[in-house]
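Protein chains in written order, with our numbering: chain L, 533 to 704; chain B, 822 to 1294.
Positions of the beta carbon are idealized from the N, C-alpha and C atoms, including for glycine.
Remarks on the structure that follows.
This is the structure:
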């Protein structure tokens, strides 16, 4: 197999995602965890660019990497002290979690590699904004207007839920 | 597609309208008149329940993303009735001083979870199914943490949201494998394409594990006891009855619709999980002293009984599940209603506190006894027929050993249900829970439960109606 630039780029992004994901959950400082998460999200955006899906990559960069991580960092800075360190996890716990994750990863990887995926017969499509807009508001098959609306109900409910949990105790 | 066809989603639209009216009413009522919202919410929801029974058209919308068949409508109506009882029962609790500043949100959150369940039931593809599932879970976490100044409640909320996020992740991974293999997430495209190979099996296991988390089947049940104990009692009853019933129904539908070609496999999985769930749930229930924990484990074991209908994989099984859901709503809500009253009035939740309850509160004790008998499956209350039909459904397919194990478990469960009855009626107590008068809504809630238990037990027409519709599956 010939190694092309694409392969190299994919390897780079995949390695970034893997390494920084592990670091996100193993670091003991919460702000570092947020920063590593940012790098994971940026690398994922890179994968979308490689797939020629610019819109998704743009959304990933602006919404996730830009918006959500900033929100997370804000809430960390507002609620906890920056030098605060988590208790180190006991060796027994980390040993068994590592065992479970490695076993799970091996199981998934071997099964996926074994499977003979059928290549699609459809030609590659240029995904432009018009197509995305049309299928987002289409009521036909492969149209997404219903999920789109249900998500807005979900967001409303989630906001009300957040308010209920965060509401200040009533003053007597 | 015209406006008329939207009427297919009538159940969902009416529910969303009710939630929005309550939300707007909260903004425009003054501080003194806030209490009226409680009455308004119950009346609106009762209206919604009645509207649900009007004849409805069936069909599909949005290119197959939303389907509705007569059986879906029956299930939605059953869930409506259950939620109405929960709303009526929680009225007294919402009236208390500590909830005075946030009770309208309670209704909005509860109703939006019900909307999620309705969309999940009617889903025609994995996307709508997943959205419905999240809509049914995320607001519930806020409701579990509703008593947020009690640390147990906050802990329950965070446990629910973390474990459900984890299980959603696992389930989504399974769904993404299915999409990768078959190139579609629509149920009707997947079922003919589904083939038996190792990746499909892995995807199915991931999907099933995610669902088992939500239904709290053993070995994915550990979150349930803590969440059930931490949540306010009325939320616990909603979680263990309505959410669980809806999730079992949708699991069955997906097993029938998406995975029929690998039914040999999932029957084995369901067999093992059913035995573990019934047995372990029962054995843990015996050890519990706190009644909320006790009911949590007993409802885990009840979920195992539901699986007997799932494994049948035929119309009989489907009918038995829907029928048992109805029975289960009345019996479990009856038990929870009594626990909630006693917990709210006296703050007592332990089994020993119930000693001698019959002498001070005879009506509550009788209600509790009837509901417990129904859960245990003693004739002539409805629970007996519910269990009987579930066993028949499994036996029809030749799962005799499973039915035998289930019967043994029923006997074990009878033992610990009778422990409570014994505490109430036979045990003597130095200082029993004093007599107290309940208000109108509390009585109404328990009255509906008792009436339901007796009517569902005796009216054979209900079974026949569901049975006729289940053949349309």
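I need the DSSP call for residue 561/L, collapsed to helix, strand or coil. Residue state for residue 561/L is assigned as strand, using DSSP reduced to three classes.
Quick one, which of 1081/B, 949/B and 1019/B has its alpha-carbon nearest residue 675/L's? 949/B is the residue among 1081/B, 949/B and 1019/B whose C-alpha sits nearest the C-alpha of residue 675/L.
Coil, strand or helix - residue 1198/B by DSSP: In the structure shown, residue 1198/B falls within a coil segment according to DSSP collapsed to helix, strand and coil.
Residue 1254/B versus residue 1201/B - alpha carbon distance: So the two alpha carbons sit approximately 30 Å from each other.
What alpha helix (DSSP H) runs, 4 residues minimum, are completely inside the segment 569-608 of chain L? Every unbroken stretch of the alpha helix (DSSP H) spanning 4 or more residues and falling wholly within the segment 569-608 of chain L is given here in chain order: 586-591.
Nearest to residue 876/B (by Cα), restricted to the options 892/B, 866/B and 862/B: If we check each option's Cα against that of residue 876/B, 892/B comes out closest.
Mind pulling the alpha helix (DSSP H) runs of 4 or more residues that sit fully within the segment 1206-1283 of chain B? Listed in chain order, the complete alpha helix (DSSP H) runs (minimum 4 residues) inside the segment 1206-1283 of chain B are 1221-1246 and 1261-1279.
Whole-number beta carbon distance between residue 1137/B and residue 1217/B, since they are thought to touch under 8 Å: The distance from the Cβ of residue 1217/B to that of residue 1137/B is about 6 Å, consistent with a contact at the 8 Å cut-off.
Name, please, each residue of chain B whose Cβ falls closer than 9 Å to the Cβ of residue 634/L. Simply none; closest approach about 16 Å.
Whose C-beta lies closer than 6 Å to the C-beta of residue 1229/B among residues of the same chain, with five residues either side of it excluded? Around residue 1229/B, the same chain offers no residue with a beta carbon nearer than 6 Å, after the five sequence neighbours per side are excluded.
Residue 592/L, buried or exposed, once every other Cβ within 10 Å from all chains shown has been counted against 16: It is buried - the Cβ of residue 592/L has at least 16 other Cβ atoms within 10 Å.
What first and last residue would you give for the beta strand (DSSP E) that runs through residue 905/B? Counting along the chain, residue 905/B falls outside any beta strand (DSSP E), though it belongs to the alpha helix (DSSP H) covering 891-915.
With 8 Å set as the bound, which would you pick, yes or no: does the beta-carbon of residue 695/L sit closer than that to a beta-carbon of chain B? Answer yes: the Cβ-Cβ gap between residue 695/L and chain B drops below 8 Å somewhere.
Use the C-beta contact count for residue 649/L: other C-beta atoms within 10 angstroms, 16 or more gives buried, fewer gives exposed. That one is exposed.
Residue 660/L: buried (16+ other C-beta within 10 angstroms of its C-beta) or exposed? The residue in question, residue 660/L, is exposed, as its Cβ has fewer than 16 Cβ neighbours within 10 Å.
In whole angstroms, what separates the C-alpha of residue 1153/B from that of residue 623/L? Those two C-alpha atoms are separated by around 43 Å.
Give a yes or no on contact between the segment 688-697 of chain L and the segment 946-960 of chain B, applying the rule of three or more CB pairs nearer than 8 Å. Note that the segment 688-697 of chain L touches the segment 946-960 of chain B; at least 3 beta-carbon pairs, one per stretch, sit closer than 8 Å.
Do residue 863/B and residue 902/B come within 8 Å of each other at the CB atom, strictly closer than that value? In this structure, residue 902/B lies away from residue 863/B, with their beta-carbon atoms at least 8 Å apart.
In whole angstroms, what is the alpha-carbon distance linking residue 632/L and residue 1035/B? Their Cα atoms are separated by approximately 21 Å.
Is there contact here, the segment 1023-1032 of chain B with the segment 989-997 of chain B, by at least three beta-carbon pairs under 8 Å? The segment 1023-1032 of chain B vs the segment 989-997 of chain B: in contact.
DSSP beta-bridge partners of residue 1007/B: Its beta-bridge partners are 946/B.
So, are the CB atoms of residue 1259/B and residue 1177/B less than 8 Å apart? Against a cut-off of 8 Å, the Cβ pair of residue 1177/B and residue 1259/B comes out as no contact.
Distance check for residue 1189/B and residue 1147/B, CA to CA, integer angstroms please. For residue 1147/B and residue 1189/B, the distance between alpha carbons rounds to 18 Å.
Top-ranked residue by Cα proximity to residue 953/B, from 1215/B, 932/B and 1122/B: Of the candidates 1215/B, 932/B and 1122/B, the residue whose Cα lies closest to the Cα of residue 953/B is 932/B.
Mind listing, in chain order, the continuous alpha helix (DSSP H) runs of no fewer than 4 residues lying wholly within the segment 1044-1084 of chain B? Correct list: 1054-1059 and 1065-1078.
Does DSSP classify residue 880/B as helix, strand or coil? Annotated three-state conformation of residue 880/B is strand, per DSSP.
Inspect the beta-carbon positions of residue 967/B and residue 927/B and report whether they are closer than 8 Å. Yes, the pair counts as a contact, with Cβ atoms nearer than the cut-off.
Could you tell me whether the Cβ of residue 992/B comes closer than 8 Å to any Cβ of chain A? Judged by its chain identifiers, the structure shown contains no chain A, and its protein chains are L and B.
Looking at the structure shown, is residue 970/B part of a helix, part of a strand, or coil, going by DSSP? In the structure shown, residue 970/B falls within a coil segment according to DSSP collapsed to helix, strand and coil.
Using only CA atoms, which one of 1016/B, 1224/B, 1267/B and 828/B lies nearest to residue 1083/B? Ranking the options by Cα distance to residue 1083/B, first place goes to 1016/B.
Considering Cα atoms alone, identify which of 1266/B, 1049/B and 999/B is closest to residue 965/B. Closest by alpha carbon: 1049/B.
If the criterion is Cβ atoms closer than 8 Å, does the pair residue 1067/B and residue 938/B meet it? A distance below 8 Å separates the beta carbons of residue 1067/B and residue 938/B.
Residues from the segment 923-939 of chain B in contact with chain L, defined by Cβ distance under 7 Å: Against chain L - using a Cβ distance shorter than 7 Å - the residues of the segment 923-939 of chain B are 923, 926, 929, 930, 933 and 936.
Please classify residue 620/L as buried or exposed, where buried requires at least 16 other C-beta atoms within 10 Å of its C-beta. Exposed is the call here.
Taking C-beta to C-beta, are residue 1140/B and residue 1287/B nearer than 8 Å? Less than 8 Å divides the Cβ of residue 1140/B from the Cβ of residue 1287/B.
Within-8 Å CB hit, residue 657/L to chain B: No, no contact with chain B.
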